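Number of protein chains: 2
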Amino acid sequence: MSEAKVMINELLVDIFNRILAIESEELKQGGVKLSMNEVHVLEAVQVVAEPSMTFIAAKLGITVGSLTTAVNTLVQKGYVTRYRFPEDRRKVLIKLEDKALEVLDIHREYHEKMIDAIFEDLKVDEDLVLVQSLSKVASYFKK
Amino acid sequence: MSEAKVMINELLVDIFNRILAIESEELKQGGVKLSMNEVHVLEAVQVVAEPSMTFIAAKLGITVGSLTTAVNTLVQKGYVTRYRFPEDRRKVLIKLEDKALEVLDIHREYHEKMIDAIFEDLKVDEDLVLVQSLSKVASYFKK
DNA sequence: TCGAATATTTTGAAATTCAAACAATAATAT
DNA sequence: ATATTATTGTTTGAATTTCAAAATATTCGA
Chain A
1478 MSEAKVMINE LLVDIFNRIL AIESEELKQG GVKLSMNEVH VLEAVQVVAE PSMTFIAAKL
1538 GITVGSLTTA VNTLVQKGYV TRYRFPEDRR KVLIKLEDKA LEVLDIHREY HEKMIDAIFE
1598 DLKVDEDLVL VQSLSKVASY FKK
Chain B
1478 MSEAKVMINE LLVDIFNRIL AIESEELKQG GVKLSMNEVH VLEAVQVVAE PSMTFIAAKL
1538 GITVGSLTTA VNTLVQKGYV TRYRFPEDRR KVLIKLEDKA LEVLDIHREY HEKMIDAIFE
1598 DLKVDEDLVL VQSLSKVASY FKK
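Chains as they are written, first to last, in the numbering used here: chain A, 1478 to 1620; chain B, 1478 to 1620.
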């Protein structure tokens, strides 16, 4: 591997290893009582086009069974509610309650700070390269 | 947030959510019986300067107690051994056995394929931008 | 309508995690 | 030297998270 490749690899591994612990710490300081796992479920519900169990689980890379238990506790804590999708009553859709939206606001602020740190000092055409590079990583993981 | 920032954010979240499941699948197909967690422990042992429990746990972003249980099973399965560091007998250092090195070879191949996919079609000066951008993300997470 | 396919929950068990208590060794201060 | 404090790691006890497989409900297609 070339020097740049070795570096990219180490950086990705490092970021991956640290990100969860640090996000978790940030949330705790923001007064949020949920685990990172639970917050990521909320985030996926918000982002996914149709928030059914199957789609949310796919977005998170976990099984639907795992998601069921996660949603159980979130429902119990009052962050989300379940409802049947009228057009296809097999599907269970998840709705975010106000409590969840507050948490997601705090989490989004953290993400924005992170992204700003990345973009600091980058020029416009460099932004483009970064977006394209990350697109490649993402599509590599999707196929 | 600008459009580029929104995209970067979504890409990072996507990559993060998928990477574990896919790495795990790749390993299974390579005939490796270990979980991704266990493989990441081996990886950290290999990378860290002095493979003591504290340093390895810090590299992984988990508590030393959690690492102890992970190392217990890896010792039991014959992938690593523990030994006391003579210069400071409080420290327990971890040594990779041949079995572990084989697994890490398979895992490294996967990482190389991933990195190659990223670098495909990128030009040299674009490589530099990517490295610098990721360095920023990494240093953001370290401070 | 009947059987296959899809969507989700339940079940049972294993893996992973943490915080706090405990034990051993080293460093510092008195 | 010896007591105190700090560092390093393991153990404990409990909670969380995960999965695969079985069970249930609904929809779709023949």
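Just so you know, even glycine gets a beta-carbon here, dropped at the ideal spot from N, CA and C. These numbers come from a predicted model, not from an experiment.
#1: Compare the C-beta of Lys1536 of chain B with all C-beta atoms of chain A and state if any pair is closer than 9 Å.
#2: Could you give the first and the last residue of the continuous beta strand (DSSP E) run that contains Tyr1556 of chain B?
#3: Give me the chain A residues within the contact set of Met1513 of chain B, using Cβ-Cβ distance strictly less than 8 Å, ordered along the chain.
#4: Tell me which residues share the same chain as Tyr1587 of chain B and place their Cβ nearer than 6 Å to its Cβ, disregarding the 5 neighbours each side in the sequence.
#5: Which chain B residues are close to Glu1603 of chain A, counting only those with a beta carbon under 7 Å from its beta carbon?
#6: What residue from A:Val1490, A:Thr1540 and A:Asn1486 has the CA that sits closest to Lys1536 of chain B's CA?
#7: Taking the beta strand (DSSP E) that Leu1570 of chain B falls in, what are its first and last residues?
#8: Could you tell me if Phe1596 of chain B is buried or exposed, where buried requires 16 or more neighbouring beta carbons within 10 angstroms of its beta carbon?
#9: I want to see whether chain B comes within less than 9 Å of Met1484 of chain A, judged by CB atoms only; does it?
#10: Report yes if the CB atom of Val1518 of chain B is closer than 9 Å to the CB atom of His1584 of chain B, and no otherwise.
#11: Quick check: what's the CA-CA separation for Val1525 of chain B versus Leu1599 of chain B?
#12: Roughly how many angstroms separate the alpha carbons of Gln1609 of chain B and Val1552 of chain A, rounded to a whole number?
#13: At least one CB of chain B closer than 9 Å to the CB of Leu1488 of chain A: is that the case?
#14: Hey, does Val1524 of chain A have any beta-carbon neighbour from chain B nearer than 9 Å?
#15: At 3 residues or longer, what runs of the beta strand (DSSP E) sit wholly inside the region 1509-1590 of chain B?
#16: DSSP three-state call for Leu1497 of chain B: helix, strand or coil?
#17: Anything in chain A within Cβ reach of Lys1572 of chain B, meaning under 7 Å, just list it in chain order.
#18: Rounded to whole angstroms, what is the Cα-Cα separation between Val1646 of chain A and Lys1576 of chain A?
#19: Anyone know if the C-beta pair for Val1541 of chain A and Arg1559 of chain A falls short of 9 Å?
#20: Thinking Asn1486 of chain A and Ile1592 of chain B are a contact (beta carbons under 8 Å), I'd like their distance in whole angstroms, please.
#21: Do Ile1571 of chain A and Met1530 of chain A count as a contact pair if the criterion is CB distance below 9 Å?
#22: Return the Cβ separation of Gln1533 of chain B and Val1522 of chain B in integer angstroms, given the expectation that the two are a contact with Cβ distance under 8 Å.
#23: With distances taken between CB atoms, is the gap from Glu1520 of chain A to Leu1581 of chain A smaller than 9 Å?
#24: In the structure shown, what three-state DSSP assignment does Leu1599 of chain A receive?
#25: Using only CA atoms, which one of B:Glu1515, B:Phe1562 and B:Leu1607 lies nearest to Leu1544 of chain B?
Looking at the coordinates:
#1: Yes, its Cβ sits closer than 9 Å to a Cβ of chain A.
#2: Element bounds for Tyr1556 of chain B: n/a, residue is neither H nor E.
#3: Close to Met1513 of chain B, with beta-carbon spacing below 8 Å, lies no residue of chain A; the smallest spacing is near 11 Å.
#4: Closer than 6 Å at Cβ, skipping near neighbours: Glu1503.
#5: Per Cβ cutoff of 7 Å: Val1606.
#6: Shortest Cα-Cα distance from Lys1536 of chain B to any of A:Val1490, A:Thr1540 and A:Asn1486 involves A:Val1490.
#7: Per DSSP, Leu1570 of chain B belongs to the beta strand (DSSP E) from Val1569 to Leu1573.
#8: By the 10 Å Cβ count, Phe1596 of chain B comes out buried.
#9: Yes - at least one Cβ of chain B is within 9 Å of the one on Met1484 of chain A.
#10: Not closer than 9 Å, so no.
#11: The alpha-carbon atoms of Val1525 of chain B and Leu1599 of chain B are separated by roughly 30 Å.
#12: Going by the C-alpha atoms only, they are around 42 Å apart.
#13: Closer than 9 Å: yes.
#14: Interface flag for Val1524 of chain A against chain B is set, since a Cβ pair is found closer than 9 Å.
#15: Entirely contained in the region 1509-1590 of chain B, the beta strand (DSSP E) runs reaching 3 residues are, in chain order, 1557-1561 and 1569-1573.
#16: The answer is helix: DSSP assigns Leu1497 of chain B an H, G or I state.
#17: Within 7 Å Cβ-Cβ: nothing; Lys1572 of chain B doesn't reach chain A, min ~21 Å.
#18: Because chain A in this structure spans residues 1478 to 1620, residue 1646 of chain A falls outside the shown range and cannot be described.
#19: No; because the gap between Cβ atoms is not below 9 Å, this pair is not in contact.
#20: Indeed, because the Cβ distance is near 5 Å, the residues count as touching under 8 Å.
#21: Contact check for Met1530 of chain A against Ile1571 of chain A passes: the beta carbons are separated by less than 9 Å.
#22: Here residue 1533 of chain B is Ile; the residue named in the question, Gln, does not match the sequence. About 6 Å; that satisfies the 8 Å criterion.
#23: Yes; because the gap between Cβ atoms is below 9 Å, this pair is in contact.
#24: If DSSP states are grouped into helix, strand and coil, Leu1599 of chain A belongs with coil.
#25: The candidate whose alpha carbon is nearest that of Leu1544 of chain B is B:Glu1515.
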